[in-house]
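Participant:
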């Protein structure tokens with residue numbers, strides 16, 4: 001059995017993050033068939049981006065969120081931030 005006791009700033013920051021209330025930002029994304037990209041935005045951050053895949057869009061939005069967080073949401077711990085994505089795409093007919 002490996003029992004390790006963590007101490008120092010890293011352990012304290014992890015404890016604070018575990019106790020911080022989660023902050024969830026919802027990114028609304030829509031497929032732009034003409035451009036071949038997902039266009040997403042979140043007014044709460046505020047940020048908007050385009051990317052060819054949802055994973056790439058989420059990565060861009062995550063980077064922008066963490067960059068803008070101190071200015072637009074001071075006091076929010078970055079470790080407590082979660083992004084939720086809502087995607088809309090037209091259903092293609094089977095014809």
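In full-length UniProt numbering, the protein residues as written are 1 to 95. Don't be surprised by glycine CBs; every beta carbon is placed ideally from N, CA and C.
My output table needs one value for residue 86: the three-state DSSP class, helix, strand or coil.
Facilitator: Reduced to three states, the DSSP call for residue 86 is strand.
Participant: What is the C-beta distance between residue 96 and residue 66, in whole angstroms, given that I count them as a contact (C-beta under 8 Å)?
Facilitator: Limits of the chain in this structure are 1 at one end and 95 at the other, which puts residue 96 out of reach.
Participant: My assumption, with CB atoms under 8 Å, is that residue 61 sits in contact with residue 40. Please give the rounded CB distance.
Facilitator: Yes, residue 61 and residue 40 are in contact; Cβ-Cβ is about 6 Å, under 8 Å.
Participant: In the DSSP assignment, find the unbroken alpha helix (DSSP H) run with residue 59 in it and report its ends.
Facilitator: Segment 54-72, the alpha helix (DSSP H) holding residue 59.
Participant: Kindly indicate which three-state DSSP category residue 29 falls into: helix, strand or coil?
Facilitator: Strand at residue 29.
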